[in-house]
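Some notes on the structure that comes next.
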Amino acid sequence: MKVRVLGAGAGGGFPQWNCNCHNCSRLRRGEVNARSRTQSSIAISSDNENWVLFNASPDIRTQLEAFPAVHPKRGIRDSGIKAIVLIDSQIDHTTGLLMLRESTRPLDIYCSEMVRQDLSTGFPVFKMLEHYCGVNHHSTPLDGSSFTIPEIHDLKFYTHSLKSKAPPYSPHRHNPHAGDNIGVVIEQISSGKKLYYAPGLGEIEPHVFAAMQKTNCLLVDGTFWQEDEMGCAGICDKLARDMGHLPQSGSDGMIEVLKNVPKARKILIHINNTNPILDEDSPERKALNEAGIEIAYDGMEIDL
Ligand code: MLT
Ligand code: MN
Ligand code: ZN
3 MKVRVLGAGA GGGFPQWNCN CHNCSRLRRG EVNARSRTQS SIAISSDNEN
53 WVLFNASPDI RTQLEAFPAV HPKRGIRDSG IKAIVLIDSQ IDHTTGLLML
103 RESTRPLDIY CSEMVRQDLS TGFPVFKMLE HYCGVNHHST PLDGSSFTIP
153 EIHDLKFYTH SLKSKAPPYS PHRHNPHAGD NIGVVIEQIS SGKKLYYAPG
203 LGEIEPHVFA AMQKTNCLLV DGTFWQEDEM GCAGICDKLA RDMGHLPQSG
253 SDGMIEVLKN VPKARKILIH INNTNPILDE DSPERKALNE AGIEIAYDGM
303 EIDL
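Residues 3 to 306 in the working numbering are what the sequence shown lists, from first letter to last.
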């Protein structure tokens, strides 16, 4: 299977429009060895022609233009994107749906019942799209069982619920429900190769750890280096875990977790603009390199 990282940044992207943090300001001035990143999305295909989009980023227009494999080829209106899987209902993962409104057929969207509810109430994108192309909603399992998608050959998707956070506009923001966030294992049926994708991962529950062990490649939450990163940058006092993200550093952080997943290729994605790992010359980046952990960038392609 082929994986294309469309956007490797977290909400806001890098640099963020109003952010003057150490990373964003140095990137604008050309004073840091770092790449800009658009907001969180990937695409996956087994045949290089029919693609599943995971999350629809506010930056989707530029992301798709930069990726010729999905450009229209077969008619006056056409796209290589055949279906969309949403891992949560956050702005950085769903706003791009509005940009797909010109679709000539209803969008086939696979997401949990909780995400469907958020996108029909607090952020009613599904209702808005009824006035354009419409939505065919397909419910994703929350217990790790699998489903397939018509037109997407040779791939199977296993979805499970995760501990992260519902967005501020969710009717149950402070009352977590199974399916507010999901993790996905994508398997190529013919080769048995598996990828694990979880850009918002607040806690490594036993079923998450078990799924990680069975896969060949991990694309997991790389939002924050440390728990109080936003506070240290003088932005706000929210902790990483309050926002549903497990930081990389610390005795129970992502680096330690990944040490216990010896077989898989390990890649961080959904990197917040405050994260020091964006600076390719930073000691934090060096620590990741030494731990054998890669950092996703826009345009990265992974062949599995
Ligand atoms: C998150 O995952 O916490 C989001 O990126 C926050 C946001 O989009 O504002
Ligand atoms: Mn996000
Ligand atoms: Zn910043």
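Think of the CB as a built atom: it goes at the ideal place given N, C-alpha and C, for glycine as much as any other residue.
**Boundaries (first-last residue) of the alpha helix (DSSP H) holding SER27** = The count along the sequence shown starts at 1 and reaches residue 27 at position 25. Looking at the DSSP string, the run of the alpha helix (DSSP H) that includes SER27 is 24 to 30.
**Asked** If you draw a straight line from the C-alpha of ILE83 to the C-alpha of PHE226, how long is it?
**Response** What you label residue 83 is simply residue 81 of the sequence shown in a count that begins at 1. What you label residue 226 is simply residue 224 of the sequence shown in a count that begins at 1. Taking the straight line joining both Cα atoms gives about 30 Å.
**Message:** For a test of your reading of the model: does the CB of GLY98 fall under 7 Å from any non-hydrogen atom of the ligand MLT? Yes or no.
**Reply:** To locate residue 98, count along the sequence shown from 1; it is residue 96. Flag unset: Cβ of GLY98 not near the ligand MLT.
**Asked** Taking three-plus beta-carbon pairs below 8 Å as touching, is the region 55 to 68 in contact with the region 87 to 103?
**Response** Counting Cβ pairs under 8 Å, three or more are found: they touch.
**Message:** Looking only at its chain, what residues have a beta carbon closer than 8 Å to the beta carbon of PRO173, apart from the 5 residues adjacent to it on each side?
**Reply:** The residue given as residue 173 occupies position 171 in the sequence shown. So the list reads GLN119, ASP120, THR123 and GLY124, once near-sequence residues are dropped.
**Request:** State whether the region 245 to 252 contacts the region 200 to 207, with contact taken as three or more CB pairs (one from each stretch) at a distance under 8 Å.
**Result:** yes
**Prompt:** With a Cβ-Cβ cutoff of 8 Å, do LEU220 and ASN25 count as a contact?
**Reply:** Walking along the sequence shown from the start, residue 220 turns up at place 218. Walking along the sequence shown from the start, residue 25 turns up at place 23. Cβ distance not < 8 Å, so LEU220 and ASN25 don't count as in contact.
**Prompt:** Do GLN18 and the ligand ZN come close, with the Cβ less than 7 Å from some heavy atom?
**Reply:** Taking the sequence shown and counting its residues from 1, one reaches residue 18 at position 16. GLN18 Cβ: within cutoff of the ligand ZN.
**Asked** Whose C-beta lies closer than 7 Å to the C-beta of LYS165 among residues of the same chain, with five residues either side of it excluded?
**Response** To locate residue 165, count along the sequence shown from 1; it is residue 163. Only GLY204, GLU205 and GLU207 meet the Cβ criterion.
**Prompt:** Where does ASN274 land, buried or exposed, given buried means 16+ other C-beta within 10 angstroms?
**Reply:** The residue given as residue 274 occupies position 272 in the sequence shown. Counting Cβ neighbours within 10 Å, ASN274 comes out buried, since at least 16 surround it.
**Message:** Using 8 Å for Cβ pairs, my map puts GLU231 next to ALA242. What's the rounded Cβ distance?
**Reply:** Taking the first residue of the sequence shown as 1, we reach residue 231 at position 229. Taking the first residue of the sequence shown as 1, we reach residue 242 at position 240. With 8 Å as the limit, GLU231 and ALA242 qualify as a contact, their Cβ atoms being about 6 Å apart.
**Message:** Comparing C-alpha positions only, which one of GLY14, HIS73 and THR150 sits nearest to ILE188?
**Reply:** Taking the sequence shown and counting its residues from 1, one reaches residue 188 at position 186. It is THR150.
**Prompt:** Taking 7 Å as the cut-off, is the CB of HIS179 close to at least one heavy atom of the ligand MN?
**Reply:** Taking the first residue of the sequence shown as position 1, residue 179 is located at position 177. Every heavy atom of the ligand MN is 7 Å or more from the Cβ of HIS179, so no.
**Prompt:** Who's in the neighbourhood of the ligand MN, going by beta-carbon under 7 Å from any heavy atom, listed in chain order?
**Reply:** ALA12, GLY13, SER42, GLN92, ASP94, HIS95, PRO201, GLY202 and HIS272
**Request:** Say whether chain C places a C-beta atom closer than 8 Å to the C-beta of SER43.
**Result:** This model lacks chain C altogether; it includes just one protein chain.
**Request:** Answer with buried or exposed for ILE111, where buried requires no fewer than 16 other C-beta atoms within 10 angstroms of its C-beta.
**Result:** Indexing the sequence shown from 1 puts residue 111 at position 109. Counting Cβ neighbours within 10 Å, ILE111 comes out buried, since at least 16 surround it.
**Asked** Straight-line CA distance for LYS196 to VAL210?
**Response** For this step, residue 196 is matched to residue 194 along the sequence shown. For this step, residue 210 is matched to residue 208 along the sequence shown. Their Cα atoms are separated by approximately 14 Å.
**Message:** Restricting to Cα atoms, I'd like to know which of SER38, ALA235, PRO264 and GLY77 is closest to ASN218.
**Reply:** Along the sequence shown, one-based indexing puts residue 218 at 216. The shortest Cα separation from ASN218 among SER38, ALA235, PRO264 and GLY77 belongs to PRO264.
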